[in-house]
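2 protein chains.
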Amino acid sequence: MIIIGELINGTRKAIKTAIESRDAEYIADLARRQVQAGAEYIDCNPGTVGEQEIEDLKWLVERVQEAVEAPISLDTPNGAALEAALEVYRQEERPLINSITLESERLAEFLPIVSGNEARVVALALDDSGMPSGPGQREDTALRLVERLREEGIAAGDIFVDPVITPLGTDPTCNRLILSAIQAIRAGAPEVHVTCGLSNISYGLPNRALLNRTFLVQAVACGLDSAILDPLDEELMRAAYAAEALAGRDEWCANYIAAHREGKLG
Amino acid sequence: MIIIGELINGTRKAIKTAIESRDAEYIADLARRQVQAGAEYIDCNPGTVGEQEIEDLKWLVERVQEAVEAPISLDTPNGAALEAALEVYRQEERPLINSITLESERLAEFLPIVSGNEARVVALALDDSGMPSGPGQREDTALRLVERLREEGIAAGDIFVDPVITPLGTDPTCNRLILSAIQAIRAGAPEVHVTCGLSNISYGLPNRALLNRTFLVQAVACGLDSAILDPLDEELMRAAYAAEALAGRDEWCANYIAAHREGKLG
């Protein structure tokens, strides 16, 4: 599964401090450790706004690409910050833009940037009607957005659909709706990747790590093949190995057995 | 979820020894610990055959009912052993007969015993064609067996369908087929319970406990509401709490939060 390492996120206090104090080694170390733990992309979210976000995102991208070869997930709703980050982007692998939506303004601003840079893109199942809630909404929005991106010439394999994870604690039915959405997206657009911002599911509940890995395992069974998560959470990564083996996406459990031999399964 | 505690099983070496030496306290202790850990039924499988099995199953049932109030799962393919066990059975709650199948001989022998004793029953998705392998086979056999049991007057809520878990290591596609079967059984017979002998999934693979709990979590998402498992495996029980909360079968995560407060979630 394609892991997008989530830890470089300025809404977390330690990262906020590192960004403010321009602590390059802290950021570089976090990038390296996530790659070593299995992250294929390193997400960078400055957690700031406006002009500050532009400077912060550029700085993060420069620090990460000094430290690792992995492509970067440019995590911002700010088109200007995104363009500035793409200007300094030097990794060999193409970046992932996190994220585009079907919201009119975001779509109009981000679509030319995605296609103009031949970037990969996280496609969040949101439109102008707000957060998805009822049955069928996530998959409907997601598949319309995929169609729109494909019309723009973006390859299905470059699209990472995110069905929008809402907290279980505020809506006890959300997990069933999300899992159905993942199955429907996988059926309706077999070649796209399906990812999610995992930790939203456990917001406000105790033992969040347990809920996060339990949700991941269920989502993988329904067709999820990527996730934005903390790759340093060893239990979570073990669950991912087992879930992939069970999903039949790990031929003869070869990755699972290799992970066991490397001592990664505990 | 309805946990059937699997540990009193004579195919396990320590239990074999305890049965052979008639170590009543060993069996009683194992029954008590499983109930304390959350088992609703205590499975008794002597792991012997013929006359010996009759004596051993009777002895196990007597020892377990001295120790706990929980109903017993009578785990034997031997009709004579089953009838002998039912004669000594004294628990207030009705027993679970583990298991009936659609195999002609087993069905003819067990059906009168199940209905004559108003017992609950594990209905294994097996017929005379042997182990299920292709898509659709498990659910087809299971639903035919449920129909047959219903014709005999057995209430849907007394039936625990088991879709037959085959080892992932010998068939990498089996998990997907099993999960589809669980969904189809849940859709086709909403009032039955769906259970499984969990640990078969990991046979022959390393880190079996990890695979077992990962599979449980996926199966619960598909509609499993019972399992034959080791309730003393704390990680497994934690996974079950989280899976149920995510499945929307734990209103406002009340059981999950209570388990957290009792320190059960680690």
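Protein chains in written order, with the working numbering: chain A, 1234 to 1499; chain B, 1234 to 1499.
Each residue gets a CB set at the ideal place from its N, CA and C atoms; glycine is no exception.
Here the structure is a predicted model, which means the values were calculated and not measured.
- For Leu-1469/A, the nearest beta carbon of chain B is not closer than 9 Å to its own beta carbon.
- Beta-carbon to beta-carbon, His-1426/A and Asp-1458/A are separated by about 6 Å, close enough to satisfy the 8 Å threshold.
- Annotated three-state conformation of Tyr-1274/B is strand, per DSSP.
- Across the structure, Pro-1439/B and Thr-1309/B are spaced so that their CA atoms are roughly 28 Å apart.
- Interface flag for His-1426/A against chain B is unset, since no Cβ pair is found closer than 9 Å.
- Interface with chain B (9 Å Cβ-Cβ cutoff): Val-1450/A is included.
- Note: Asn-1242/A is bridge-paired with Asn-1278/A in the DSSP secondary-structure output.
- Per DSSP, the continuous beta strand (DSSP E) segment holding Leu-1329/B begins and ends at 1329–1333.
- For Arg-1381/A, the enclosing alpha helix (DSSP H) covers residues 1370–1384.
- Per DSSP, Ala-1261/B lies in no beta strand (DSSP E) segment; the continuous alpha helix (DSSP H) that holds it begins and ends at 1257–1269.
- Secondary structure note for Asp-1289/A: it is in no beta strand (DSSP E), and the uninterrupted alpha helix (DSSP H) holding it is 1283–1300.
- In the DSSP assignment, the residues bridged to Ala-1460/B are Ile-1236/B.
- If you draw a straight line from the Cα of His-1493/A to the Cα of Val-1268/A, it is about 19 Å long.
- Bounds of the alpha helix (DSSP H) holding Leu-1443/B are 1441–1455.
- When DSSP states are grouped into helix, strand and coil, Gly-1349/A belongs to the helix group.
- For Ile-1392/A, the pairing in a beta bridge is given by DSSP as Val-1354/A.
- DSSP places Ser-1413/A within a helical segment (H, G or I) once states are collapsed to three.
- Out of Asn-1278/B, Val-1301/B, Glu-1253/B, the CA that lies nearest to the CA of Gly-1271/B is found in Val-1301/B.
- With contacts defined by Cβ atoms closer than 9 Å, Ala-1452/B and Ala-1422/B do not form a contacting pair.
- Judged by pairs of C-beta atoms under 8 Å, the segment 1371–1386 of chain A touches the segment 1328–1346 of chain A, as three or more such pairs exist.
- Our two residues, Leu-1263/B and Thr-1281/A, have alpha carbons roughly 57 Å apart in a direct line.
- Not one beta carbon of chain A lies nearer than 9 Å to the beta carbon of Pro-1304/B.
- At a cut-off of 9 Å, the C-beta of Val-1397/A has no neighbouring C-beta in chain B.
- The Cβ of Gly-1271/A sits no closer than 9 Å to any Cβ of chain B.
- In the three-state scheme derived from DSSP, where H, G and I count as helix and E and B as strand, Ile-1490/A is classed as helix.
- Trp-1292/A has a beta carbon lying at 9 Å or more from every beta carbon in chain B.
- The contact set of Leu-1498/A on chain B, defined by CB atoms closer than 9 Å, consists of Pro-1439, Asn-1440, Leu-1443 in chain order.
- The CB of Glu-1320/A never comes closer than 9 Å to any CB in chain B; the least such distance is about 42 Å.
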